[in-house]
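Asker: Residue numbers (the UniProt record's numbering), protein chains in the order written: chain A, 1 to 293; chain B, 1 to 259. Backbone N, C-alpha and C fix where the C-beta goes; we use that ideal spot for every residue, glycine too. All of these numbers come straight from a predicted model, not from anything done at the bench.
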Amino acid sequence: MAAHPGSNGSKAKAAKLRVFRGTAAGGDFQNYEVETYPGMVVLDAIHDIQAKQSPDLAVRWNCKAGRCGSCSAEVNGKPRLMCMTRMSAYPEGEPITVTPMRAFPIIKDLVTDVSWNFEMAKKIPPFKPRPRDADGNWRMQQIDIDRIQEFRKCIECFLCQNVCHVVRDHQKKEVFSGPRFLIHLATLDMHPLDTLDRREMVKRDFGVGFCNITKCCTEVCPEHITITDNGIIPLKERIADDHYDPVRWLLRKVAGKPRAHKVPAQPTEAGKTADISGRHRVDGGNGKGELER
Amino acid sequence: MANKVVHLPVLDFGATLRKDNWWIGPAITFVILMGFICYATFRAFENDYYRVGPYLSPFYSPLIPTAGWGIPFLSPAMLILPGPAGFRLTCYYYRKAYYRAFAMDPPACAVGEGGRHDNYNGETKLLIFQNLHRFALYVALGFLVILWHDVYKALWFRDPYGTEASFGVGVGTLVLALNTALLTGYTFSCHSLRHLIGGSVDSYSTAPFGQLRHALWRGVSRLNQNHMFFAWTSLFAVALADLYVRMVSLRVIQDVRIL
Ligand code: SF4
Ligand code: SF4
Ligand code: FES
């Protein structure tokens, strides 16, 4: 066995792997044996198979450092990044099963077609900041953005999308964006500078109501983003403000104010930013971007 | 290498390649929640043994005098329990617990649900009432005031003639105080409270009372990280507090005065 980084020269042990091989037309498991070494990860084992036994085994990866999110697959039934999953985490002698992400169509072997995610991403209107202050800067404080910094750790591995039962079992891809894009929407909705009101879209187009808070997305996220508690539930509460709160509804009636997102679109002018859904923020001349509700 | 041919399992109910005991979590949840529901139902119908000395069972607090209403089987607990039950039923943590354990939707992560269900609507149709959690929260906050008042009352012991009340602490006082403290932790770690108290603000540095709301939001967020802990411990505590009052009332055990 060639010396591997991390090899301590001790006698190599063998590990058994059951790897899914196939295409959209169908597939099988194939059994392999690879020699292990300290620090070996599942992606190393797959590469070993590719190099020595099955050169046609298809696998997607880029960074091998848990940063690019390409090597998502399922190891012993659990959605994981193969490059961050140590072989030593599994009992010796028992075969380790490696399968492609189940929620997405198989292209070949471990490679799935994740384009639905990119289509979903395209539907989200991008960040639309209010105009800069007079001196050409945008101002915000750390307390305004510390909540959303957590979400920016996302590496778009789509493991959360894959494990979410709304996508995986119920295949509600037409009406539900999945957890990755709900936290993206939360990032934008909580952003102190953003001017678009995305709350109506979150409910209508991205289907936040389909999520039943079962937290599998949070369980599998390799970046340990608290997707459900910090992203999706706050979004649900914001939707509740607009749609499911009879007290607020009554107050709006008494005050004669329409629901925030039904405010008619305003022409864009200095200090006032219109948005496609109508809710807008008013700078009040101080550049502070107060949210008008 | 030998190539044994096995097809990927279809998503039948419970089908998974997971090798851990994924069913244990939902099974334990099912047993505990069913146990609690059965016990609370029994106690609500029992309509007795809820008051002894300065102690009042949390199931029967506030004590509404239903005896003269002429409705058979109606106990004060029946009028009260829908309040806390509604709070727990719509709680964001318990939704995870019972959607997994009772509805099996999903039974566990990456475990099959039994094929594709086109009729799945999440919380958009039948379960849309879950969005009203904030109102259950208001009710729960009201109950906290009542329960802390009960703890205060559990500090005053009457003499055998029932005339003079003197300050004291019994094991029952501590049981009621612990229960109310855990219920307070549970209620104050609520996601809806977190939203109402500051979660709805986008720009704390510019919103009215923004700094204060951010500080409050941070406090509730810290408690919120332990919401699951409070959800379970307060469930046990409320059943145990009621059981304690019942046992003392039935003279199965004797309350010990500490002070
Ligand atoms: S919490 Fe919601 S988004 Fe996350 S996996 Fe469960 S249903 Fe999907
Ligand atoms: S939220 Fe987590 S699991 Fe989902 S795509 Fe981003 S990094 Fe992956
Ligand atoms: S190869 Fe980049 S995350 Fe695994």
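Name the chain A residues whose beta carbon is nearer than 7 Å to that of residue 316 of chain B?
Answerer: The first residue shown for chain B is 1 and the last is 259, placing residue 316 of chain B beyond what the model contains.
Asker: State buried or exposed for Thr268 of chain A, treating a residue as buried only when at least 16 other CB atoms are found within 10 Å of its CB.
Answerer: Bear in mind that a pLDDT of 35 at Thr268 of chain A, under 50, signals an unreliable position, so the model cannot answer this.
Asker: From A:Pro179, A:Leu250 and A:His47, pick the residue whose C-alpha is nearest to that of Asn117 of chain A; which is it?
Answerer: Comparing Cα positions, the closest option is A:Pro179.
Asker: Which chain B residues sit within Cβ distance under 7 Å of Ile233 of chain A?
Answerer: Those within 7 Å of Ile233 of chain A in chain B are Tyr92 and His191.
Asker: Cβ atoms of Phe102 of chain B and Ala77 of chain B: under 8 Å apart, would you say?
Answerer: Contact flag unset, no.
Asker: Which residue comes first and which comes last in the beta strand (DSSP E) that contains Pro54 of chain B?
Answerer: Note, Pro54 of chain B: premise wrong, no beta strand (DSSP E); not H, not E.
Asker: So, Gly83 of chain B versus Phe143 of chain B, is the Cβ gap smaller than 8 Å?
Answerer: Going by C-beta atoms, Gly83 of chain B is nearer than 8 Å to Phe143 of chain B.
Asker: Considering Ala186 of chain A, what are the terminal residues of the alpha helix (DSSP H) in which it resides?
Answerer: Unbroken alpha helix (DSSP H) run through Ala186 of chain A: Pro179 to Asp189.
Asker: Residues around ligand 3, please: the condition is that the C-beta lies closer than 7 Å to some non-hydrogen atom of it.
Answerer: Residues with a Cβ closer than 7 Å to any heavy atom of ligand 3, in chain order: A:Leu43, A:Trp61, A:Asn62, A:Cys63, A:Lys64, A:Ala65, A:Gly66, A:Arg67, A:Cys68, A:Gly69, A:Ser70, A:Cys71, A:Leu81, A:Met82, A:Cys83, A:Met84, A:Ile155 and A:Cys157.
Asker: Suppose contacts are defined by Cβ-Cβ distances below 8 Å. Is Met101 of chain A in contact with Glu74 of chain A by that definition?
Answerer: Yes, these two residues count as a Cβ contact at 8 Å.
Asker: For the candidate residues A:Asp194, A:Ala51, A:Val163 and A:Asp144, whose alpha-carbon lies nearest to that of Ala103 of chain A?
Answerer: Here the closest residue by C-alpha is A:Val163.
Asker: Of all Cβ atoms in chain B, is any one closer than 8 Å to the Cβ of Lys13 of chain A?
Answerer: Not an interface residue.
Asker: Is any heavy atom of ligand 2 found at a distance shorter than 7 Å from the C-beta of Cys160 of chain A?
Answerer: Yes, ligand 2 has a heavy atom inside 7 Å of this Cβ.
Asker: Using the Cα positions of Glu94 of chain A and Ala51 of chain A, report the straight-line distance between them to the nearest angstrom.
Answerer: Roughly 23 Å between the two C-alpha positions.
Asker: By the 10 Å Cβ neighbour count, where 16 or more other Cβ atoms means buried, how is Gln161 of chain A classified, buried or exposed?
Answerer: Looking at its Cβ environment, which holds 16 or more other Cβ atoms inside 10 Å, Gln161 of chain A is buried.
Asker: Where does residue 294 of chain A land, buried or exposed, given buried means 16+ other C-beta within 10 angstroms?
Answerer: Within the shown structure, residues of chain A are numbered from 1 to 293, placing residue 294 of chain A beyond reach of any answer.
Asker: Give the single residue among A:Thr23, A:Val247, A:Asn230 and A:Ala45 whose Cα lies nearest to the Cα of Lys13 of chain A.
Answerer: Among A:Thr23, A:Val247, A:Asn230 and A:Ala45, the Cα nearest to that of Lys13 of chain A is on A:Ala45.
Asker: Compile a chain-ordered list of the residues in the segment 73-85 of chain A whose CB is closer than 8 Å to at least one CB of chain B.
Answerer: Taking 8 Å as the Cβ-Cβ cut-off against chain B, the residues of the segment 73-85 of chain A that qualify are Glu74, Asn76, Gly77, Lys78 and Pro79.
Asker: Can you tell me whether DSSP reads Asp194 of chain A as helix, strand or coil?
Answerer: DSSP places Asp194 of chain A in strand when its eight states are reduced to three.
Asker: Distance cutoff 8 Å, beta carbons only. Does Ala240 of chain A sit that close to anything in chain B?
Answerer: So yes, Ala240 of chain A belongs to the interface.
Asker: Alpha carbon to alpha carbon, how far is Thr29 of chain B from Tyr93 of chain B?
Answerer: Those two C-alpha atoms are separated by around 12 Å.
Asker: Do Pro208 of chain B and ligand 2 come close, with the Cβ less than 7 Å from some heavy atom?
Answerer: Not under cutoff, so the answer is no.
Asker: Using the C-alpha atoms, what's the distance from Trp217 of chain B back to Pro65 of chain B?
Answerer: Straight-line Cα distance between these residues: approximately 39 Å.
Asker: Report the rounded CA-to-CA distance for Thr36 of chain A versus Met87 of chain A, giving the unit in angstroms.
Answerer: C-alpha separation (whole angstroms): 8 Å.
Asker: I think Gly77 of chain A touches Ala27 of chain B, with their Cβ atoms under 8 Å apart; what is that distance to the nearest whole Å?
Answerer: That belief does not hold up - the Cβ atoms of Gly77 of chain A and Ala27 of chain B are roughly 18 Å apart, past 8 Å.
Asker: Along the segment 193-220 of chain A, where does the CB come closer than 7 Å to a CB of chain B? Name the residues.
Answerer: Flagged, chain order: Gly209, Phe210, Cys211, Asn212, Ile213, Thr214, Lys215, Cys216, Glu219 and Val220.
Asker: Tell me whether Pro26 of chain B, by its Cβ, gets closer than 7 Å to a heavy atom of ligand 2.
Answerer: No, the Cβ of Pro26 of chain B stays beyond 7 Å of every heavy atom of ligand 2.
Asker: At the level of alpha carbons, what is the spacing between Thr90 of chain B and Ala255 of chain A?
Answerer: Distance between the alpha carbons of Thr90 of chain B and Ala255 of chain A is about 30 Å.
Asker: Where DSSP assigns a beta bridge to Ile106 of chain A, which residues make up the other side?
Answerer: Answer is A:Thr112.
Asker: Determine which residues share a DSSP beta bridge with Asn31 of chain A and list them.
Answerer: Paired residue(s): A:Arg18.
Asker: For a contact defined as C-beta to C-beta under 7 Å, what are the partners of Thr112 of chain A on chain B?
Answerer: Neighbours of Thr112 of chain A on chain B: none; closest Cβ ~12 Å, over 7 Å.
Asker: What does a CB cutoff of less than 7 Å around Val52 of chain B pick up in its chain, not counting 5 residues either side in sequence?
Answerer: These residues qualify, in order along the chain: Val245, Val248 and Ser249.
Asker: Are there 16 or more other CB atoms within 10 angstroms of the CB of Ile258 of chain B, so buried, or fewer, so exposed?
Answerer: Answer is exposed; the Cβ neighbour count stays below 16.
Asker: Pull up the distance between the alpha-carbon of Gly231 of chain A and that of Gln142 of chain A, whole angstroms please.
Answerer: Each residue's Cα considered, the two are about 18 Å apart.
Asker: Between Ala108 of chain B and Trp232 of chain B, how many whole angstroms is the CB-CB distance? I'm expecting something under 8 Å.
Answerer: At roughly 18 Å, the Cβ-Cβ gap does not stay under 8 Å, so Ala108 of chain B and Trp232 of chain B are not in contact.
Asker: For a quick check, are the C-beta atoms of Leu141 of chain B and Thr180 of chain B less than 8 Å apart?
Answerer: Result no, Cβ atoms of Leu141 of chain B and Thr180 of chain B do not sit closer than 8 Å.
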